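J.: Okay, so the sequence shown: first residue is -3 according to my numbering, each after it adds one.
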Amino acid sequence: MNKERKLIVAGNWKMNKTVAEALDLVRGLKLELANVKEVDVVVCPPFTALEAVGKAVLDSNIRLGAQNMSEHNVGAHTGEIAAVMLKEFSVRYVILGHSERRQDQKEADALIARKAAAVHGAALKPIICVGETLAERQAGEMQKVLETQVRGSLAGLTGEQMEESIIAYEPVWAIGTGQTATTAQAQEAHAFIRGLLVKMFNETVARRVRIQYGGSVKPSNARELMSQPDVDGALVGGASLEARSFADIIKNSI
Ligand code: PGA
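1. Taking S223 as the reference, which of D100, K140, Q183 has the closest Cα?
2. Can you give the Cα-Cα distance for V168 and G211, rounded to whole angstroms?
3. N12 lies in the beta strand (DSSP E); which residues open and close that run?
4. Do you know how far the Cα of E67 is from the Cα of V115?
5. Ignore the nearest five residues each way along the sequence and tell me which others in S86's own chain have a CB closer than 6 Å to its CB.
6. Would R204 and D226 be called neighbours here (beta carbons separated by less than 9 Å)?
7. Using C-beta distances below 7 Å, list every residue in its chain close to A48, excluding the 5 sequence neighbours before and after it, in chain order.
8. Can the beta-carbon of S236 be found closer than 9 Å to that of I250?
9. What is the residue span of the beta strand (DSSP E) that D36 lies within?
10. Using a C-beta cutoff of 9 Å, does K13 count as contacting chain D?
11. What number of angstroms, rounded off, separates the C-alpha of V80 from the C-alpha of Y89?
12. Please say whether E143 and Y209 have beta carbons closer to each other than 9 Å?
13. When DSSP labels each residue in this structure, what does Q101 get in the three-state scheme?
14. Mind checking N31: buried by the 16 CB within 10 Å criterion, or exposed?
15. Just to confirm the assignment: which complete beta strand (DSSP E) runs, minimum length 3, are found wholly within the segment 179 to 241?
16. Hey, would you say F242 sits closer than 9 Å to G71, going by beta carbons?
17. Tell me the DSSP bridge mates of G61?
18. G229: buried (16+ other C-beta within 10 angstroms of its C-beta) or exposed?
19. Measuring straight from C-alpha to C-alpha, what distance separates K13 and K83?
20. Between which two residues does the alpha helix (DSSP H) harbouring V141 extend?
21. Grouping DSSP H, G and I as helix and E and B as strand, with all else coil, what is I124?
22. If G233 and G172 are in contact, beta carbons under 8 Å, what's the gap, nearest whole angstrom?
Shown next as structure tokens:
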């Protein structure tokens, strides 16, 4: 597929996989994806499997991501994980503001923006998630919600940092439901987000930022979604838990 930006496909394993299961999966992925150079491939295991998976992917084209990170560098923050700890395991990417954390942990845009600053401070790359709920979409508020989340979650980033960041558009109603956004719906939201980046930064920055689509991505719909001009990859949940389906998503996008 001929794209303006290099595609980036990330697997968000969420709260799945023991260390043994994670190693099984990543060994399968290494075999399936050994020759893939056209797409940036990232896997995001739970914290407890980062060390093992990090070692397993060292000699491969697969990069490691974490699913969250503290805004703080060190200290009295029980249960939190700092950037320096992630870097020990060769982590390169950090998912921030996933809708499950926005919902379950009440993460707000301002906190996500502080975390994004910390991620850049450690020379890691954030994957910053935004997306509207079904009720918001039905109320005609998609653009308003996306604008609030994009402006709030990216607040304070420099243009250079923005270019090194990835945005994931994940309509909440499409996550884990099997109900994928249509290609037209995805393209419309992605183009809207890129338009916001033009206003917040400039044309050059906006043209360089990669925007992933997330929400029930599977091998059968991956190619069509990623063929849209403003869809630059995918953030994959359920279908990233098996080597074959995650690898097929990537292969189908080439
Ligand atoms: P899903 O999850 O692919 O299972 O819909 C996507 C995500 O939450 O990142």
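C-beta: ideal position from N, C-alpha, C; glycine also. Quantities reported herein were computed from a predicted structural model and do not represent experimental measurements.
T.: From the atom records:
1. Here residue 223 refers to the residue found at position 227 of the sequence shown. Nearest option by C-alpha distance: Q183.
2. On the sequence shown, position 172 is the one that residue 168 refers to. On the sequence shown, position 215 is the one that residue 211 refers to. Answer to the nearest angstrom: the Cα atoms are 7 Å apart.
3. By one-based count along the sequence shown, residue 12 stands at place 16. Per DSSP, N12 is not a residue of any beta strand (DSSP E), being assigned neither H nor E.
4. As a working mapping, residue 115 is identified with position 119 in the sequence shown. As a working mapping, residue 67 is identified with position 71 in the sequence shown. Note on geometry: alpha-carbon atoms of V115 and E67 lie some 8 Å from one another.
5. Mapped onto the sequence shown, residue 86 falls at position 90. Cβ within range, chain order: G50, L60.
6. Taking the first residue of the sequence shown as 1, we reach residue 204 at position 208. Taking the first residue of the sequence shown as 1, we reach residue 226 at position 230. In this structure, R204 sits away from D226, with a CB-CB distance that is not shorter than 9 Å.
7. In the sequence shown, residue 48 corresponds to position 52, counting from 1. Closer than 7 Å at the Cβ level, and outside the excluded window around A48, lie V15, A18, L19.
8. As a position in the sequence shown, residue 236 is number 240, starting the count at 1. As a position in the sequence shown, residue 250 is number 254, starting the count at 1. Contact: no.
9. Within the sequence shown, numbered from 1, the residue matching residue 36 stands at position 40. Boundaries of the beta strand (DSSP E) harbouring D36: 36 to 40, taken from the DSSP string.
10. The structure shown contains no chain D, having only a single protein chain.
11. Reading the sequence shown from its first residue, position 84 is the one you call residue 80. Reading the sequence shown from its first residue, position 93 is the one you call residue 89. Going from the Cα of V80 to the Cα of Y89 covers about 13 Å.
12. Here the question's residue 209 lines up with position 213 in the sequence shown. Here the question's residue 143 lines up with position 147 in the sequence shown. Between Y209 and E143, the C-beta gap is not smaller than 9 Å, which leaves the two residues out of contact.
13. The count along the sequence shown starts at 1 and reaches residue 101 at position 105. Here Q101 sits in coil by DSSP.
14. By 1-based counting over the sequence shown, the position of residue 31 is 35. Flag for N31 reads exposed.
15. The qualifying runs are 206 to 210, 229 to 232.
16. Against the sequence shown, residue 242 aligns to sequence position 246. Against the sequence shown, residue 71 aligns to sequence position 75. No.
17. Here residue 61 refers to the residue found at position 65 when the sequence shown is read from its first residue. According to DSSP, residue pairing for G61 in a beta bridge involves Y89.
18. For the purposes of this step, residue 229 is identified with residue 233 of the sequence shown, where counting begins at 1. Buried, since its Cβ has 16 or more Cβ neighbours within 10 Å.
19. Locating residue 13 in the sequence shown gives position 17, counting from the first residue. Locating residue 83 in the sequence shown gives position 87, counting from the first residue. Rounded to whole angstroms, K13 to K83 spans 21 Å at the Cα level.
20. As a working note, residue 141 is residue 145 in the sequence shown. It spans 138 to 149 - the alpha helix (DSSP H) in which V141 sits, taken as one unbroken run.
21. Stepping through the sequence shown from its first residue, residue 124 is reached at position 128. The three-state reading of DSSP puts I124 in strand, counting E and B together.
22. Here residue 233 corresponds to residue number 237 of the sequence shown, with the count starting at 1. Here residue 172 corresponds to residue number 176 of the sequence shown, with the count starting at 1. Beta-carbon to beta-carbon, G233 and G172 are separated by about 6 Å, close enough to satisfy the 8 Å threshold.
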